[in-house]
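Peer 1: In terms of the working numbering, the sequence shown has 43 at position 51, counting the first letter as 1, and numbering is strictly consecutive. From the three backbone atoms N, C-alpha and C, an ideal C-beta is built for every residue, glycine too. Sharing a structure below in structure tokens format, with a few things to ask.
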Amino acid sequence: MIREEASEKRAPKTIASAADLVIVGGGLTGTCAAITAARAGVKVTLIQDRPVLGGNCSSEVRLWILGATSHMGNNNRWAREGGVIDEIMLENIYRNPDGNPLIFDTVLLEKVINEDNITLLLNTAVYDLDKNIESETITAVHAFCSQNSTKYTVTAPLFCDASGDGIVGFLSGAAFRMGAESAGEFGEKFAPDKAYGELLGHSMYFYSKDIGRPVKFIPPSYALQDITEIPRYKTFNPKDFGCRLWWLEYGGRLDTVHDTEKIKWELWKVVYGAWNYIKNSGEFPESENMTLEWVGTIPGKRESRRFEGDYLLKQQDIIEQKPFHDTVGFGGWSLDLHPADGVYSDQSGCNQWHSKGVYSIPYRCFYSKNINNLFIAGRIISATHVAFASTRVMATSAMGGQSVAIAAAIAKKHNCSPREVGEQHLQELQLELWRAGQYLPQTEIADPENLVEQAIEVSASSSLKLKELPGSEHWAVIEHSVAQMVPVHGKMPSVTVWVEALNDTALIVELRKSSKAFNHTPDITLETKSFNLKTGKHEIPLEWSAIFDEAGYAFVSFIKNPNIKIQYSEKRATGLLTVFNATNPAVSNYGKQEPAEDLGVDTFEFWCPQRRPGGRNLAFSFSEPIALFEPENLKNHHNRPISGANAWVADFNDAEPVVNIRWEAPVTISKIDISFDTDFDHPMENVIYVHPETVMPFCATDIEICNDKNEVIGKINDNHLSRRTINFDQPVQTQFLKIKVTNPNPHTPASLFQISCY
-7 MIREEASEKR APKTIASAAD LVIVGGGLTG TCAAITAARA GVKVTLIQDR PVLGGNCSSE
53 VRLWILGATS HMGNNNRWAR EGGVIDEIML ENIYRNPDGN PLIFDTVLLE KVINEDNITL
113 LLNTAVYDLD KNIESETITA VHAFCSQNST KYTVTAPLFC DASGDGIVGF LSGAAFRMGA
173 ESAGEFGEKF APDKAYGELL GHSMYFYSKD IGRPVKFIPP SYALQDITEI PRYKTFNPKD
233 FGCRLWWLEY GGRLDTVHDT EKIKWELWKV VYGAWNYIKN SGEFPESENM TLEWVGTIPG
293 KRESRRFEGD YLLKQQDIIE QKPFHDTVGF GGWSLDLHPA DGVYSDQSGC NQWHSKGVYS
353 IPYRCFYSKN INNLFIAGRI ISATHVAFAS TRVMATSAMG GQSVAIAAAI AKKHNCSPRE
413 VGEQHLQELQ LELWRAGQYL PQTEIADPEN LVEQAIEVSA SSSLKLKELP GSEHWAVIEH
473 SVAQMVPVHG KMPSVTVWVE ALNDTALIVE LRKSSKAFNH TPDITLETKS FNLKTGKHEI
533 PLEWSAIFDE AGYAFVSFIK NPNIKIQYSE KRATGLLTVF NATNPAVSNY GKQEPAEDLG
593 VDTFEFWCPQ RRPGGRNLAF SFSEPIALFE PENLKNHHNR PISGANAWVA DFNDAEPVVN
653 IRWEAPVTIS KIDISFDTDF DHPMENVIYV HPETVMPFCA TDIEICNDKN EVIGKINDNH
713 LSRRTINFDQ PVQTQFLKIK VTNPNPHTPA SLFQISCY
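Dropping the structure here:
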């Protein structure tokens, strides 16, 4: 029994603690940052004001995670973000291919609680902080958990604001912006005017289900009464649910921080009004047996504050794909602005313009320019309103969280500030990001500690000499122009394909490439050929004279013709892909991007792949084999196809492929890192989509490593991840490694991107 006498006032229970790094905000960005920092030996306190992790991708909001891949609707091939966010997406698709948001919650929570270096405080909101004004540093944050009525005071030398609204940056006095810059300030031609609005609003979603019997719906009194107040109301239907209704948006004319509760009530009004229309208007008899299963209780936020770093990313950096000396990540989502009036606007729900490829994000965008120990991550990084329209999406933000975490580990190691990491330890930062699986566009990486780079021999039992992909029974009409992407360096070999003319017609074939070898937008036509075909099947030889002076992808493009079928293959391989000049309205892809006015964006066509089980390669044969899949690729510094496959790929007929690494003298190995092909072209949306695979077809599932005495020293079994590490309790001495690689998929040869030994 507890009994206390009356008192004038009581203080809540208070727990004081210390960490190396305090991360405020447990959305996807903060979660990835915490996991990354913890694995780097940093003691982390992660403070999250909600009962679950994930923020907008949690079961409380249920927005799909997207980034540079953009639903496979742009020209950013193999662009899924690497590192911890990649690990999370792969784990989720392995466990949860049906996209259950509750299961995704468990994936995130498990990843965090498995790290001993993370102290997780859920349901805990930061409300104050202590600051050393003289040094312009934060010394502690104060937070309160309503569930256990406990106050927390956490001190640390480093802080990261990943809170979305930037509560730590705001309280600390960090410089920030809110709203939209004028077109004149940075010369951004896509900058909106006040009529369009300066802020993106919040959104709220609902889920429905058929329960097999009639169910009535009586709307609450606060539901929207007149559905015609929503100009797009006729697009409502019983099939759409969840974040397919992303355009249920409101709040862009309000203060998106302090008016959030007001915005939430308006969105509830819209959601229940929309469901009332679906159930009770008589327009949708198929909804008779449907009921509401879930409605969000908090809105998903898009925009509020943006904090100023030492560099402000702008529109031109994205469109021109500007290289930076301090690149620590990349983006690839479109410049995606929404009208401030949201669901009540008579304009399109979004205004999207894509770049021709992924763009770089510099490290200077990830820390405050005036608070000397504050990292900033997520949608609040240093960017203009227009650039933010692309960087704001969750996979891009999560990748930035990982960059911040590794910077924090380096700051701890060298006892320096976030700014000093970029000024004094940039190469170390970029190397550690690369080692963690990140892709840094247009950035050269050197890893002198990787023993594989010192090997005198990297060989294999076989390597793919791409001479042909045999035809299958699958023939398809060229409904949309289709191109086979093939890595080439040197003279383009002649290609033979097989087609069937359904009527007398002409086949037009173009050989294309990208104007930038690291892009995958086929904006340069090298040669064009035309063939007059009689009805029936034909073998078509295509002789090319083009020479690729630098490595890049050739697009052998067959122009749309509904009177022609072309033969496909069931064979797939790392670095090979077919793309189609089709449409994907979900990301404003209508086959070609053509701005009607000068908005500072490019005109170009979209050539995008199909999702499996579609997306087969074309059947073809080459006059000369393409030999760009050699084991030497295992020593390069890319973990995905870019201007080439960047992978060792075994021959299709090699039943037991093996990689051999030999040194001039015995070396001492403490760990081995291996990079696998988990199809970086696949966006792996965590909700709404149902995915046909739990393990990607290119992914080697089993590895066995033997030393120079033919003793097994390491194994990986049942792999489904992009990166795996074998750590040795005792360092291994050997002059030779024999690595057996197994991919059980009969249509896809074994492959690896990298092997690194330390």
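(1) Please list the segments of the beta strand (DSSP E) lying wholly inside the stretch 432 to 478, counting only runs of 3 or more residues, in order along the chain.
(2) Please determine if the stretch 389 to 400 and the stretch 19 to 27 are in contact, where contact requires at least 3 C-beta pairs separated by less than 8 Å.
(3) Please identify the residue among PRO485, SER200, SER195 and GLY171 whose C-alpha is closest to the C-alpha of ALA187.
(4) What residue from ASN631, ASN495, VAL579 and VAL207 has the CA that sits closest to LEU752's CA?
(5) Using the Cβ count rule (16 or more neighbours within 10 Å means buried), how would you classify THR595?
(6) With a Cβ-Cβ cutoff of 7 Å, do ILE353 and GLY323 count as a contact?
(7) Taking only three categories from DSSP, how would you classify PRO354?
(8) If you compare alpha carbons, which of ARG504, SER464 and LYS526 is closest to GLU492?
(9) Are the beta-carbon atoms belonging to VAL249 and ASP333 less than 7 Å from one another?
(10) On the three-state DSSP scale, how would you describe VAL756?
(11) Pull up the distance between the alpha-carbon of LEU760 and that of ILE556, whole angstroms please.
(12) Helix, strand or coil for GLU759 per DSSP?
(13) At a Cβ threshold of 7 Å, is VAL444 touching chain B?
(14) Apart from the five residues on each side of it in sequence, which residues of its chain come closer than 6 Å, Cβ to Cβ, to GLU535?
(15) Does the stretch 693 to 713 come close enough to the stretch 100 to 112 that 3 or more CB-CB pairs lie under 8 Å?
(16) Alpha carbons only, please: which of PHE510, SER613 and PRO617 is nearest the one belonging to ASN68?
(17) Determine which residues share a DSSP beta bridge with CYS749 and list them.
(18) Who are the near neighbours of HIS194 in its chain, counting only those whose CB is closer than 8 Å to its CB and skipping five residues on each side?
(19) Drop a sphere of 10 angstroms on the beta-carbon of GLY288, count the other beta-carbons inside from all chains shown, and report buried for 16 or more, exposed for fewer.
(20) Name the two residues that bound the continuous alpha helix (DSSP H) containing LEU82.
(21) Excluding the 5 residues preceding and the 5 following GLU424 in the sequence, name in chain order all residues of the same chain whose CB lies nearer than 6 Å to its CB.
(22) So, is PHE720 buried or exposed, given that buried needs 16 or more other C-beta atoms within 10 angstroms?
(23) Reducing DSSP to helix, strand and coil, say where SER34 ends up.
(24) From the DSSP secondary-structure annotation, give me the bridge partner or partners of PRO410.
(25) Tell me whether TRP105 sits in a helix, a strand or coil according to DSSP, three-state version.
(26) Which of the three DSSP states is assigned to TRP56 in this structure?
(27) Count the other CB atoms, across all protein chains shown, that sit within 10 Å of the CB of ILE448; report buried if there are 16 or more and exposed otherwise.
(28) Provide the residue(s) that pair with GLU492 in DSSP beta bridges, ordered along the chain.
(29) Where does TRP655 fall in DSSP's three states?
(30) Which residue comes first and which comes last in the beta strand (DSSP E) that contains ASN719?
(31) On the DSSP bridge assignment, give the partners of ALA375 in chain order.
(32) Is MET64 helix, strand or coil by DSSP?
(33) Which whole-angstrom value is the C-beta distance of ALA814 and GLU73, which I expect to be below 8 Å?
(34) Have a look at PHE96 and THR142 and give me their C-alpha separation to the nearest angstrom.
(35) What does DSSP give as the partner residues of PHE380 in its beta bridges?
(36) Any idea what DSSP makes of GLU241, helix, strand or coil?
Peer 2: In terms of the structure at hand:
(1) Runs of the beta strand (DSSP E) lying entirely within the stretch 432 to 478, each at least 3 residues long, are 449 to 452, 458 to 461 and 467 to 470 in chain order.
(2) In the pairwise beta carbon analysis, the stretch 389 to 400 is classified as touching the stretch 19 to 27: at least three pairs are separated by under 8 Å.
(3) For the purposes of this step, residue 187 is taken as residue 195 along the sequence shown, with counting starting at 1. Cα-wise, what sits closest to ALA187 is GLY171.
(4) Outside the shown range of the chain, which is -7 to 750, sits residue 752, and nothing can be said about it.
(5) Along the sequence shown, one-based indexing puts residue 595 at 603. Exposed.
(6) If you number the sequence shown from 1, residue 353 lands on position 361. If you number the sequence shown from 1, residue 323 lands on position 331. The Cβ-Cβ distance between ILE353 and GLY323 falls below 7 Å.
(7) Numbered from its first residue, the sequence shown carries residue 354 at position 362. Of the three classes helix, strand and coil, the one that applies to PRO354 here is strand, per DSSP.
(8) The residue you call residue 492 lines up with position 500 of the sequence shown. Answer by Cα proximity: LYS526.
(9) Translated into positions along the sequence shown, residue 249 becomes position 257. Translated into positions along the sequence shown, residue 333 becomes position 341. At the C-beta level, VAL249 and ASP333 stay beyond 7 Å of one another.
(10) The shown model of the chain, from -7 to 750, leaves out residue 756, and the question about it has no answer.
(11) The structure shown does not extend to residue 760, since the chain spans only -7 to 750, so no value can be given for it.
(12) Because residue 759 is not part of the residues shown, which for the chain are -7 to 750, the question remains open.
(13) Note that chain B does not occur in the displayed structure, where there is just one protein chain.
(14) In the sequence shown, the residue the question calls residue 535 occupies position 543. Contacts found: SER486.
(15) Verdict: no, contact absent.
(16) For the purposes of this step, residue 68 is identified with residue 76 of the sequence shown, where counting begins at 1. Per the Cα distances, PHE510.
(17) Locating residue 749 in the sequence shown gives position 757, counting from the first residue. For CYS749, which the question treats as bridged, DSSP gives the partners ILE664.
(18) Sequence index remark: in the sequence shown, residue 194 carries index 202 (1-based). Within the same chain, GLU241, TYR242, GLY243, THR248, THR252, ILE255, LYS256, LEU259, PRO291, GLY292, LYS293 and ARG294 come within 8 Å of HIS194 by CB-CB distance, once the 5 residues on both sides are set aside.
(19) Here the question's residue 288 lines up with position 296 in the sequence shown. Its Cβ being crowded by 16 or more others within 10 Å, GLY288 is buried.
(20) Residue mapping note: residue 82 aligns to position 90 of the sequence shown, counting from 1. Start and end: 76 to 87.
(21) Position 432 of the sequence shown, counting from 1, holds the residue named residue 424. Counting only Cβ-Cβ distances below 6 Å, and skipping sequence neighbours, we find ILE398.
(22) As a working mapping, residue 720 is identified with position 728 in the sequence shown. Counting Cβ neighbours within 10 Å, PHE720 comes out exposed, since fewer than 16 surround it.
(23) Here residue 34 refers to the residue found at position 42 when the sequence shown is read from its first residue. In the sequence as displayed, the identity of residue 34 is Val instead of Ser. Judged by DSSP in its simplified three-state form, VAL34 adopts coil rather than helix or strand.
(24) Counting from 1 along the sequence shown, the entry for residue 410 is found at position 418. Looking at the DSSP output, PRO410 bridges to nothing.
(25) By 1-based counting over the sequence shown, the position of residue 105 is 113. In the sequence under discussion, the amino acid at residue 105 is Ile, which differs from the Trp named in the question. When secondary structure is reduced to three states using DSSP, ILE105 falls in the helix class.
(26) The sequence position of residue 56 within the sequence shown is 64, counting from 1. Coil.
(27) As a working note, residue 448 is residue 456 in the sequence shown. Answer is exposed; the Cβ neighbour count stays below 16.
(28) Mapped onto the sequence shown, residue 492 falls at position 500. Answer is LYS529 and LYS557.
(29) As a first step, residue 655 is located in the sequence shown; it is residue number 663 there, counting from the start. Note: TRP655 maps to strand in three-state DSSP.
(30) Taking the sequence shown and counting its residues from 1, the one referred to as residue 719 is at position 727. Its beta strand (DSSP E) spans residues 715 to 734.
(31) Counted from its first residue, the sequence shown places residue 375 at position 383. Looking at the DSSP assignment, ALA375 forms a beta bridge with LEU305.
(32) Walking along the sequence shown from the start, residue 64 turns up at place 72. Three-state DSSP puts MET64 in a helix.
(33) The structure shown does not extend to residue 814, since the chain spans only -7 to 750, so no value can be given for it.
(34) As a position in the sequence shown, residue 96 is number 104, starting the count at 1. As a position in the sequence shown, residue 142 is number 150, starting the count at 1. Taking the CA atoms as reference points, PHE96 sits about 28 Å from THR142.
(35) Along the sequence shown, one-based indexing puts residue 380 at 388. Bridge partners of PHE380: none, in fact.
(36) Within the sequence shown, numbered from 1, the residue matching residue 241 stands at position 249. In the three-state scheme derived from DSSP, where H, G and I count as helix and E and B as strand, GLU241 is classed as strand.
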